[in-house]
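Below is one structure; the comments refer to it alone.
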Amino acid sequence: MAEVMACPAWCSEHVDPDPSEPGDEGAHFGQQLTIVVPKPPTLSDDQSFVVQIAAHDYRGQRETMIYLDNPGRGVAQMTEWQAKATVVNLLHATELCDSTNPAGVGCPIWCTEDHDNTPEDEPDTDGNAFHASAPMTVEVWGPTSTDTDVSVRVVALDSDRSRRVYPELMLSGSHTPLGIAEACKIAGNLLEAVDLCADNQ
């Protein structure tokens, strides 16, 4: 019988090897780091984003991964560098939001997708419009079916002569508006998981 590898220091839940799977030596899961996003205007319920480090031991080798999960709406299994790239995208989106004038008129400089319901042959009397930046996408792949690209973009909604600007996180085709603080907290949780991966090497 092969010697079972020791649990990593961050392991809070250990799964024993599956005797029906030759070479399987068990799995490890760290604590779930959860950020709750209060009910966005476009969704019916509060949303949560869970970051969790995990590892699977197989034939003397350990594969470590980081999960980003929006329960019921999408999950991504990422490597360290994919998690780092997602952090960069989240923080860049918050910078774009901070630099966008909330009283601005017309398209923000980052806008690549613009929707205005006013017909072209009529004057724009209400100022209502939707603006979105190009998605900043991290391609994600792995050994399970939880693979999905992770995208972040900036959105601005013009309504009643005011502008609301926010980052939007996209998993498995779902779109979740975030506050600046929530985007930064998700980025912080991803970085914490990355640090745990580094400590495990």
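Our numbering numbers the first residue of the sequence shown as 2 and each following residue consecutively. All C-beta atoms in this analysis are idealised placements derived from N, C-alpha and C, irrespective of residue type, glycine included.
Within this structure, are the beta carbons of residue i and residue j separated by less than 8 Å?
i, j, result
"residue 194", "residue 54", "yes"
"residue 94", "residue 151", "no"
"residue 133", "residue 108", "no"
"residue 90", "residue 137", "yes"
"residue 97", "residue 155", "yes"
"residue 59", "residue 99", "no"
Assuming residue i is part of the beta strand (DSSP E), what are its boundary residues?
i, result
"residue 189", "Where residue 189 is concerned, there is no enclosing beta strand (DSSP E), although the alpha helix (DSSP H) it sits in stretches over 181 to 200."
"residue 75", "75 to 79"
"residue 22", "Where residue 22 is concerned, there is no enclosing beta strand (DSSP E), given that its DSSP letter is neither H nor E."
"residue 138", "137 to 139"
"residue 104", "Residue 104 -> no beta strand (DSSP E), and no H or E assigned at all."
"residue 70", "62 to 71"
"residue 58", "48 to 59"
"residue 159", "151 to 160"
"residue 163", "163 to 172"
"residue 178", "175 to 178"
For residue i, which residues from the same chain have a beta carbon less than 7 Å from its beta carbon, with the 5 sequence-adjacent residues on both sides left out?
i, result
"residue 63", "6, 56"
"residue 192", "88"
"residue 85", "195"
"residue 13", "30, 31, 32"
For residue i, which residues in the same chain have their Cβ closer than 6 Å to its Cβ, ignoring the five residues on either side in sequence?
i, result
"residue 16", "27, 28"
"residue 21", "none"
"residue 35", "49, 51"
"residue 171", "152"
"residue 115", "108, 132"
"residue 135", "113"
"residue 81", "195, 198"
My output table needs one value for residue i: the three-state DSSP class, helix, strand or coil.
i, result
"residue 14", "strand"
"residue 95", "helix"
"residue 32", "coil"
"residue 87", "helix"
"residue 8", "coil"
Can you tell me the Cα-Cα spacing of residue i and residue j, whole angstroms?
i, j, result
"residue 177", "residue 61", "39 Å"
"residue 38", "residue 102", "24 Å"
"residue 197", "residue 11", "7 Å"
"residue 67", "residue 180", "23 Å"
"residue 19", "residue 78", "21 Å"
"residue 175", "residue 32", "25 Å"
"residue 65", "residue 141", "14 Å"
"residue 167", "residue 105", "14 Å"
"residue 164", "residue 73", "30 Å"
"residue 162", "residue 83", "39 Å"
"residue 45", "residue 169", "16 Å"
"residue 40", "residue 23", "45 Å"
Who are the Cβ neighbours of residue i in its own chain at under 8 Å, not counting the five residues just before and after it?
i, result
"residue 92", "184, 185, 188"
"residue 76", "68, 69, 70, 147, 149, 172, 173"
Taking 7 Å as the cut-off, is the CB of residue i close to at least one heavy atom of the ligand MG?
i, result
"residue 107", "No copy of the ligand MG occurs in the structure displayed, which carries no ligand at all."
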